[in-house]
Amino acid sequence: MLINSVIIILREVFEAALIVSVLLVLSQKLQLPRRYFLSSLGLGGVLSIFYARHIASISMFFDGVGQEILNACMHLMTFICLLFLIFSMGRRPYYKITVWAIAGCLSATLVGEGSEIIIYIQGFIGNEQLLETVLAGSFIGAGVGFSVGVFMYYLMINLRPRKGVAVSLVALVLISASMTTQAFQLLIQADILISQAPLWNTSSWVSEGSVIGQILYALLGYESTPTPIQVGGYFLSLMLSSALAFKTFKTFKWEMDE
Numbered sequence: 004m005l006i007n008s009v010i011i012i013l014r015e016v017f018e019a020a021l022i023v024s025v026l027l028v029l030s031q032k033l034q035l036p037r038r039y040f041l042s043s044l045g046l047g048g049v050l051s052i053f054y055a056r057h058i059a060s061i062s063m064f065f066d067g068v069g070q071e072i073l074n075a076c077m078h079l080m081t082f083i084c085l086l087f088l089i090f091s092m093g094r095r096p097y098y099k100i101t102v103w104a105i106a107g108c109l110s111a112t113l114v115g116e117g118s119e120i121i122i123y124i125q126g127f128i129g130n131e132q133l134l135e136t137v138l139a140g141s142f143i144g145a146g147v148g149f150s151v152g153v154f155m156y157y158l159m160i161n162l163r164p165r166k167g168v169a170v171s172l173v174a175l176v177l178i179s180a181s182m183t184t185q186a187f188q189l190l191i192q193a194d195i196l197i198s199q200a201p202l203w204n205t206s207s208w209v210s211e212g213s214v215i216g217q218i219l220y221a222l223l224g225y226e227s228t229p230t231p232i233q234v235g236g237y238f239l240s241l242m243l244s245s246a247l248a249f250k251t252f253k254t255f256k257w258e259m260d261e
């Protein structure tokens with residue numbers, strides 16, 4: 004149970020910490036007001052608690068798949084906000100779009116990841132024997148995930164402006180593609196999308212339940228048995244966000260030279 008708690012919480016915290024660190028770096032490099040960033044964090048935290056407290060009722064929506072559908076919508080919302088952010092960052096006429104895109108990404112991320120952590124831990128509140136082990140594992144996983152997020156932040160913030168923007172754009176592209184894959188996986192579980200035979204099976208190389216597998220899941224949306232629709236959606240979103248990122252980087256460099 005200790006190892007399971009470490010892995011589960013590590014995945015959730017790492018994914019949230021990765022997104023928060025990248026967006027924090029961008030906010031500082033673009034000189035955006037901190038109040039928007041902090042307000043989004045606060046809103047996401049409050050909504051995650053509300054979501055977790057009402058998860059039983061939410062799960063009953065849509066014939067018992069309300070949680071899957073709502074989580075998929077949050078992933079898709081994050082994906083859309085990331086596309087707007089990649090398109091608008093560094094472009095003065097789209098300043099408000101950049102601010103709202105970052106706010107949307109932060110809020111959706113904290114609601115999704117924060118609620119998952121709360122739901123997991125509160126499932127053991129009635130079992131004192133397991134609760135202590137779960138809390139210990141959760142603190143370890145959260146500590147590791149938070150440490151990686153801090154490391155990523157200082158790594159990117161200390162890069163030269165152009166390199167920092169380039170690394171941030173690459174991270175946003177990977178995260179956006181990951182959001183699409185995770186959303187499709189949830190929609191398949193909810194029978195909204197057709198379940199298909201997997202294209203391959205890499206579980207013998209990297210298990211989804213391992214620490215590496217969970218980190219790859221958070222960073223790249225890794226799944227050992229992806230279906231054609233997941234792979235197709237991943238590469239389509241990857242190409243779309245990459246094209247936007249390339250165009251934005253050229254524009255961003257031009258504005259910096261002015």
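Numbering (this note's numbering) for the sequence shown: 4 to 261. Ideal Cβ positions, reconstructed from N, Cα and C, are used throughout, including at glycine.
In this chain, the alpha helix (DSSP H) harbouring V153 covers E131 to I160. Straight-line spacing of the CA atoms in I232 and E131 works out to 43 Å. Judged by DSSP secondary structure, D194 falls outside any alpha helix (DSSP H); it is assigned neither H nor E. Rounded to whole angstroms, N7 and L133 show a C-alpha spacing of 12 Å. For M92, no alpha helix (DSSP H) segment is defined, and its DSSP state is neither H nor E. Going by DSSP, G212 is part of no alpha helix (DSSP H) at all; its letter is neither H nor E. Here the segment 81–94 makes no contact with the segment 139–155; the two share fewer than three CB pairs at distances below 8 Å.
Taking a cut-off of 8 Å on C-beta distances, the segment 171–181 does not touch the segment 191–208, as fewer than three cross pairs fall below it.
Here F127 carries a coil assignment [DSSP, helix/strand/coil].
Judged by DSSP secondary structure, Q199 falls outside any alpha helix (DSSP H); it is assigned neither H nor E.
A direct Cα-Cα distance of roughly 10 Å separates I105 from I22.
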